[in-house]
Each structure stands twice: as C-alpha cells, then as structure tokens.
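Numbering (our numbering), first residue to last: 45 to 305.
Only one structure is covered here, and it is reproduced in the block below.
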C-alpha cells in the first residue's frame, strides 16, 4: 500500500515536469521569431540610414567623374524696392544643374559708383541641385529719373539756290535714366563663373547738339534775309526700355515692340 502511494506521487511529479518542459519548448520558436523580427527591422533601418548618408556623396562623385559641371542661373530683378535713401536690388540665384555648389561666395560691383567689388550677403554657402538663394543690396538708384531728354528745338531754312541751313540752340544737356553694368562673379571649390548684366535707374547727363552734312549753320548764310523758313522741328530722345519698366501705361507699346514679354 505504501509502495503504491509513493509511485503515485512520483508519477504526479514526472507529469508536472513534462508539462513545464513542453511549455518551454513551445515558447522557444516564439522568442526566436520575435528576436529575428527585431534584428531584421534594426538592420534595415541601419541600411537606410547609411544609404541616406553615403548615396548622395557617391552620386555627386560619379557625376563629377563623368564631366558634369555646376550650372547656376543668376537673375537680377529689374524692379527694385525703396529702401531709406537708396533702393534694394535683388539678385536671385538658382542651381539648375545636377552638381552641388559648395563653399560658394559671390562678389559684385556697379562700376558706375563702386571702385571695388563687394561680397554679396548670401544666406548659404551650399547650394544643392535645384535649390535657390538670393541677396539684396542697397543701391543709390533714381527710380523717378527721366526716360526722355529735353526737346531740342531747331528750324530749317533754304536760300535761292536750294542750300539748306539750320538754326538751333547749340548744345542742350539733359539728366536722364541710364544703365550701369552689374558685374558679378561666383566662386566655389571647383567652380568659377562671371556674370554681367545692365541695370536701369542710374542717372546721367546727355548732351545734344545738331550737326548735318547737307545743312549748314544759320550763321554761315551770306544773306539771311533771303532765307525761307521750312518750318521748326523738335528732337527728343527716349529710353524705351526704362520707360517700359517704370510706366505701366506704356506696356502695350512695349509688348508690341518686344521690350517686355
């Protein structure tokens, strides 16, 4: 009887041990699968991270090896904004090429009033492919400058022989709008490019004086009383390109004649 009780207890213990072992065996695949998934996710994230870091430099390297050159588009805006006693001139820069431009600097000069070049206040020294930057500089422009000269008045005469004579005012000076060259140069580690464009709204002086190969001055006539007037006339010189920028009412004529698009 005692022997039977002992055997039953041993049987219960063995059965309990078997159940624990079975549970542990069932949990092993679940733990292995979870660990595999975690390792897989971490590995892929690491690969993506490394790819993001190294793919672009490698791509840039191969583009340069294949002879690709940086391409920048530099466009000064011809519509300045008022700023204190000057005007702000804006210049837009866009990297339209495939090569990034690093350690970029830009120098500019308006020779009309600047003796030396100046550094442009760029927002960044790295301009990646497709990116854009700009800078603004104060320039002493005259936005209300005159787009036409004073009228030069003259009169034509003829004598009995048909010889032409003209009477004029002599030299007439006018303050008018003028253009000034905007010279720029962009420099980086492996890139240099010079740009030049004409910028309006500078003011200068124009002198007008009438001369002619066929007509002689009025004072050279031997007998002025014999001269017959052929009528007065006036000459005015206009700068259509600046007029087109500053006068919206002139826009139809500007479009028809190709001064604005």
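Don't be surprised by glycine CBs; every beta carbon is placed ideally from N, CA and C.
If you reduce the DSSP assignment to three classes, tell me which class residue i lands in.
i	result
residue 294	helix
residue 268	helix
residue 208	strand
residue 257	coil
residue 284	helix
residue 150	strand
residue 190	coil
residue 169	coil
residue 299	helix
residue 72	With a pLDDT of 47 at residue 72, under the threshold of 50, the modelled position of this residue cannot be trusted, and the question is left open.
residue 95	Note on residue 95: pLDDT 45, under 50, position unreliable in the model; no value is reported.
residue 263	helix
residue 66	Its pLDDT being 49, under 50, residue 66 is placed unreliably in this model, and the value from its coordinates should be taken loosely. Three-state DSSP puts residue 66 in a helix.
residue 185	coil
residue 289	helix
residue 161	coil
residue 54	Reliability fails at residue 54, whose pLDDT of 44 lies under 50, so the model's placement of it is uncertain and no value is given.
residue 143	coil
residue 313	Only positions 45 to 305 of the chain appear in the structure, and residue 313 is not among them; the question remains open.
Less than 8 Å between CB atoms is the rule here; does residue i satisfy it with respect to chain C?
i	result
residue 147	The chain inventory of the structure shown lacks chain C, comprising one protein chain alone.
What do you reckon, are the CB atoms on residue i and residue j nearer than 8 Å?
i	j	result
residue 269	residue 221	no
residue 156	residue 246	yes
residue 216	residue 194	yes
residue 166	residue 124	no
residue 179	residue 226	no
residue 137	residue 118	yes
residue 244	residue 285	yes
residue 289	residue 122	yes
residue 147	residue 169	yes
residue 161	residue 149	no
residue 139	residue 175	yes
Could you give the C-beta distance for residue i and residue j, rounded to a whole number, given that I count them as a contact under 8 Å?
i	j	result
residue 210	residue 261	7 Å
residue 164	residue 181	7 Å
residue 187	residue 131	6 Å
Smallest Cα separation from residue i: which of the options?
i	options	result
residue 229	116, 198 and 110	116
residue 251	168, 172, 139 and 196	196
residue 259	200, 234 and 278	200
residue 212	255, 265 and 294	255
residue 134	128, 204 and 183	183
residue 264	162, 291, 139 and 208	208
residue 274	204, 161 and 147	204
residue 249	120, 281, 148 and 266	281
residue 320	293, 239, 279 and 299	Given that the chain is displayed from residue 45 to residue 305, the structure contains no residue 320 and the question cannot be resolved.
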